[in-house]
Every structure is written in structure tokens, then in C-alpha cells.
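Notes follow the structure.
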Amino acid sequence: MKAPGNHVLITCILPRGKAQPVLCALKDEKNIITANIKRARGAGRMTPMAYRGVGETTEKDIMVVIINEEKADEIFEFIFDRAEINRPHGGIMFQQKLSAATAFSLPDLPYEE
């Protein structure tokens with residue numbers, strides 16, 4: 115079933131451990147459950163260790179959020195502030211329009227600590 119309306123995909127590449135608190139804030143404060151976190155690992159080209167030929171790897175959180183186009187700028191700003199993107203090495207984020215999105219809902223389960 116196609117979700118009604120136009121949708122935007124917000125993608126954030128954050129330092130490891132930064133995405134989970136942002137995801138919880140999205141759920142608790144904005145009632146957004148259309149988000150996911152993945153982990154990635156890689157080596158940067160411009161790191162000090164790269165000049166020595168040593169492969170320095172870092173882990174990152176990749177958070178993706180699908181949201182209605184009408185709320186995209188508000189949620190983008192919310193994530194930007196919560197994830198502290200404006201700090202050095204704070205990460206990067208961008209948004210893009212989606213041609214389609216599928217509606218889904220989670221079962222109503224008790225909260226787990």
C-alpha cells in the first residue's frame with residue numbers, strides 16, 4: 115500500500131552512538147517511527163593516519179528518516195540540532211525527495227527499558 119502524499123528521505127551520517135538518542139527523541143517528541151539506524155565502517159582519505167599509509171577505520175551511525183514533505187524542513191532542523199551536526203566532526207546530513215513510499219505501522223507493544 116502506497117503511503118499518501120509526497121515523501122522525503124533524510125539521511126544522517128553521524129559519529130557512532132549519536133543516532134540512538136536522536137531516534138528516541140524523534141519517537142518521543144515528534145511521534146515519528148519511520149526511521150532506522152545502520153552501522154558503517156570505513157577509512158577517511160583526509161585523516162592524519164592516511165598519510166602514513168595506516169588504515170584507520172572509524173565506525174559511523176547512518177540514520178534514515180522518511181517523512182511527509184510538509185514536515186521535512188521542521189524534522190531536518192530538529193535532527194540537525196539534536197545530533198549537533200554543526201560541531202566539528204559532527205557528521206553530515208542531507209534530504210532528497212522520494213518517488214514512492216510504502217506505509218507501515220508497528221504493533222502496539224509495551225515499552226522496554
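Quick note: the sequence shown uses our numbering, first residue 115, plus one each step. Positions of the beta carbon are idealized from the N, C-alpha and C atoms, including for glycine.
Requested in this report: Tell whether a beta-carbon distance below 8 Å holds between I189 and K144.
Outcome: yes
**Report entry** Opening and closing residue of the alpha helix (DSSP H) in which K141 lies
**Finding:** A133 to K144
Report task. Reducing DSSP to helix, strand and coil, say where I181 ends up. Result -> strand
**Report entry** As assigned by DSSP and simplified to three states, the class of A217
**Finding:** coil
Query - Euclidean distance between Cα positions of Q210 and H203 - result: 22 Å
Report task. For G131, count neighbouring Cβ atoms within 10 angstroms of its own Cβ and tell me buried if that reaches 16, exposed if not. Result -> exposed
Requested in this report: Count the other C-beta atoms from every protein chain shown that fall within 10 angstroms of the C-beta of I124, then say buried if there are 16 or more, exposed otherwise.
Outcome: buried
**Report entry** P129 versus D175 - alpha carbon distance
**Finding:** 6 Å
Query raised in the report: Quick one: Cα of L212 to Cα of H121, how far?
Result: 6 Å
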